[in-house]
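If you want my numbering, it's the 1-based position in the sequence shown plus 22.
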Amino acid sequence: MKTRSFKLNITLLFVLLAGTVLLAFGFQFLTVLERIGYERVDRELEVLANSEAGQPLGPNFATTLPLSLHSRYGNEPPAKFIVRASDRAGKVLYVSPRWPLDLPENGLPVLPAVSEKEERSSPKSGRLGRGPRGVRGSLGHAVAIQGPVFTTVRASEQSWRIAAVGNEQAVFQVGLSLMDVESDLRRSRNAFLVAVPVLLALLFAAGWVLAGRALRPVKAIAQTTAGITAHSLSERVPAGRAAREFQQLIGLINEMLDRLEASFHQAARFSADAAHELKTPLTVLQGQLENAIQQAVPGSEEQQRYGALAEEVQRLKSIVQKLLLLSRADARQLTLHVEPVDLSALVSSAVEDIGLVAPHLRVETEIQPGITVAADRALLRQAIGNLTSNAVKYNEDTGFVRLRLEAGPQDVRVTISNTGPAIPDEERPRIFERFYRASNSRSRKVDGAGLGLSLAREIARAHRGDLFLDAADESLTSFVLVLPRE
Numbered sequence: 023m024k025t026r027s028f029k030l031n032i033t034l035l036f037v038l039l040a041g042t043v044l045l046a047f048g049f050q051f052l053t054v055l056e057r058i059g060y061e062r063v064d065r066e067l068e069v070l071a072n073s074e075a076g077q078p079l080g081p082n083f084a085t086t087l088p089l090s091l092h093s094r095y096g097n098e099p100p101a102k103f104i105v106r107a108s109d110r111a112g113k114v115l116y117v118s119p120r121w122p123l124d125l126p127e128n129g130l131p132v133l134p135a136v137s138e139k140e141e142r143s144s145p146k147s148g149r150l151g152r153g154p155r156g157v158r159g160s161l162g163h164a165v166a167i168q169g170p171v172f173t174t175v176r177a178s179e180q181s182w183r184i185a186a187v188g189n190e191q192a193v194f195q196v197g198l199s200l201m202d203v204e205s206d207l208r209r210s211r212n213a214f215l216v217a218v219p220v221l222l223a224l225l226f227a228a229g230w231v232l233a234g235r236a237l238r239p240v241k242a243i244a245q246t247t248a249g250i251t252a253h254s255l256s257e258r259v260p261a262g263r264a265a266r267e268f269q270q271l272i273g274l275i276n277e278m279l280d281r282l283e284a285s286f287h288q289a290a291r292f293s294a295d296a297a298h299e300l301k302t303p304l305t306v307l308q309g310q311l312e313n314a315i316q317q318a319v320p321g322s323e324e325q326q327r328y329g330a331l332a333e334e335v336q337r338l339k340s341i342v343q344k345l346l347l348l349s350r351a352d353a354r355q356l357t358l359h360v361e362p363v364d365l366s367a368l369v370s371s372a373v374e375d376i377g378l379v380a381p382h383l384r385v386e387t388e389i390q391p392g393i394t395v396a397a398d399r400a401l402l403r404q405a406i407g408n409l410t411s412n413a414v415k416y417n418e419d420t421g422f423v424r425l426r427l428e429a430g431p432q433d434v435r436v437t438i439s440n441t442g443p444a445i446p447d448e449e450r451p452r453i454f455e456r457f458y459r460a461s462n463s464r465s466r467k468v469d470g471a472g473l474g475l476s477l478a479r480e481i482a483r484a485h486r487g488d489l490f491l492d493a494a495d496e497s498l499t500s501f502v503l504v505l506p507r508e
């Protein structure tokens, strides 16, 4: 299962939190903007209503009211406001020309009785009321005014804000279209909806950059630790100016590397010391067995027993020699005696060796002549010998071995292939491990200790080359030894 990037998780969390704050602020801003628009309209309506209700009702009110409006506001009230006046009995005294005919009567604000307790609610949906108060009219006497009471109604395909104000004689209902207010709110809302995706994209970019900067020490730690191999265990992750939390992590990693380096060197010294200490006793034992073989009666059971023991000692000497070379390679003390080596001749010599040890196998060759490399002749011969030995041991009785030598612009490749049982896919990543033997080769009928491939690859890497298993042809087991041209 593929896991999601931690950097992406941090970025998405940042966008979620910042986006939530942004959306909350945006909605609150639109709400406040709407309230301010309604309050502005209410103030205009209240000023106009109070100015009319503060005047005593004359006998020619229906004629004087329009003249009064024109004298105060010019042509603005007919174009902007709607006004209706009625007496306390409910008789309509004046209606402005623009008063919507479909304005619902039951939706208009109603002034409560003076004794009732006035209530106040939100500007948009409720009614705002005030009890009677004294206002000094134009003739110098006080006029008791009741209201205003506000409400919002829908008529003529638009919304109207209506205010009701009354005095002792009449009730004035003054209205103002909310088209401009709603248009401003609509523009603000549309601008906000357009800005939200842009702002979220900017927040994602900013979060991505900030997350990258926050995880930069982790990336540096990963790059440094990835470059630490068995040959560079002395390297450590530098703390530098990393944050305190990362310095603690770096300290733990460096402590782990200290323990790993100490254990690795201890294991390498043990292998080297053990191989060195076993080398001399095995040589003496082999010499004694050879003398015993010569002194025994030819063809006797005693001589055969000594011969079998001598073969096992030789096998142990080979294992010890390989362990010694591997321990030197681990400690980067594998000394190379570099000289020009005729690789074509070396591979041809390996072909002859196969003919001697396995005459029943067919050998196919594709060897380019005259290919020379700078290498340690003895180690290179041992690496090729290990590969050809495996090709013979793990082959079929009627199979064949194929050796191919070809030179490229940058490197030289020696490919050694053989028929026989294929290496299982699940075991291929482990074939270069030390002492590891594939399941089809764990029988004592197939001689070997599982060190040949590991040693061959160490020799190749010591020459700045490599050794790998080629899976291009599934019918053959092919190993490719790569060496640089220079």
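By construction, the Cβ of each residue, glycine as well, lies at the ideal position given by its N, Cα and C atoms.
Quiz item: With a cut-off of 8 Å, do at least 3 Cβ pairs link the stretch 195–213 to the stretch 53–65?
Solution: Because the criterion of three Cβ pairs below 8 Å is met, the stretch 195–213 and the stretch 53–65 touch.
Between L409 and L503, which are expected to be in contact by the criterion C-beta below 8 Å, what is the C-beta distance as a whole number of angstroms?
7 Å
**Asked** Cα separation between E141 and A185?
**Response** The pLDDT assigned to E141 is 39, lower than 50, so where the model puts this residue is not dependable; a value taken from the coordinates is nonetheless given after this. Each residue's Cα considered, the two are about 15 Å apart.
Tell me whether N417 is buried or exposed, calling it buried when 16 or more other Cβ atoms sit within 10 Å of its Cβ. buried
Using 8 Å as the threshold, is the C-beta distance between T387 and D364 below it?
no
Notebook entry, point to check: Is W182 helix, strand or coil when you go by DSSP?
Noted result: Residue state, collapsed to three classes: strand.
Legend entry - Inside the stretch 187–270 only - alpha helix (DSSP H) runs reaching at least 4 residues: 201–236 and 238–248
From what residue to what residue does the beta strand (DSSP E) around L489 run? D488 to D492
Can you pull the DSSP bridge partners for T173?
I184
| message | So, at 6 Å on beta carbons, what are the nonlocal neighbours of F36 in its own chain, with the 5 sequence-adjacent residues on each side left out? | response | Once the five neighbours on either side are set aside, the close Cβ partners of F36 are G229.
| message | So V360 and L304 are supposed to be a Cβ contact under 8 Å. How far apart are they, rounded? | response | Actually they are not in contact, since the Cβ atoms of V360 and L304 sit about 30 Å apart, beyond 8 Å.
| query | Are the stretch 232–243 and the stretch 266–280 in contact at 8 Å, needing three or more beta carbon pairs? | reply | yes
> Looking at P170 and V193, is the spacing between their C-beta atoms short of 8 Å?
Replying inline: In this structure, P170 does not lie closer than 8 Å to V193 by Cβ.
TODO: Starting from T402, trace the beta strand (DSSP E) both ways and give me its first and last residue.
DONE: Per the sequence shown, residue 402 should be read as Leu rather than Thr. Run containing L402: none in the beta strand (DSSP E); it sits in the alpha helix (DSSP H), R399 to K415.
Margin query: Taking the alpha-carbon of R350 as reference, which of V69, R291 and A478 has the nearest alpha-carbon?
Written below: Minimum Cα distance to R350 is reached at R291.
Under the three-state DSSP convention, the category F454 falls into: DSSP places F454 in coil when its eight states are reduced to three.
At the level of alpha carbons, what is the spacing between E428 and S500? Cα to Cα, the separation comes out at about 15 Å.
Residues near L221 by beta carbon distance below 7 Å, same chain, minus five either side = Result list for L221: L44, in chain order.
Original post:
Under the three-state reduction of DSSP, which class applies to P119: helix, strand or coil?
Top reply: coil
Quiz item: Comparing alpha-carbon positions, which option in I58, G48 and V105 lies nearest E74?
Solution: V105
Item to complete: Kindly confirm or deny that the stretch 446–453 and the stretch 300–318 touch, where touching means at least three C-beta pairs closer than 8 Å.
Response: Between the stretch 446–453 and the stretch 300–318 there are fewer than three inter-stretch CB-CB distances shorter than 8 Å, so the stretches are not counted as touching.
Worksheet item: Which first and last residues belong to the alpha helix (DSSP H) in which E61 is found?
Response: From DSSP, the alpha helix (DSSP H) with E61 extends over F28 to A75.
- Query: Looking at the structure shown, is L383 part of a helix, part of a strand, or coil, going by DSSP?
  - Reply: coil
> Would you report the Cα separation of L70 and Q191, rounded to the nearest angstrom?
Replying inline: 17 Å
DSSP-derived helix/strand/coil call for L425:
Reduced to three states, the DSSP call for L425 is strand.
Exercise. Which same chain residues, not among the five before or five after G308, have their C-beta less than 6 Å away from its C-beta?
Worked result: The identity of residue 308 in the sequence shown is Gln, whereas the question assumes Gly. Cβ neighbours of Q308 beyond the five flanking positions: V335.
Inset, instruction - Report buried or exposed for H485, applying the criterion of at least 16 other Cβ atoms within 10 angstroms of its Cβ. - result: buried
Three or more C-beta pairs closer than 8 Å, one from the stretch 486–495 and one from the stretch 418–425: is that the case here?
-> no
Is any non-hydrogen atom of the ligand ZN found closer than 7 Å to the C-beta of A248, if you look at the structure I gave you?
The ligand ZN is absent from the structure shown, which contains no ligands of any kind.
Top-ranked residue by Cα proximity to Q432, from G234, P506 and P391:
P506
request  = Helix, strand or coil for S476, going by three-state DSSP, please let me know.
outcome  = helix
(Q) Does R435 come out as helix, strand or coil in the three-state DSSP assignment? (A) strand
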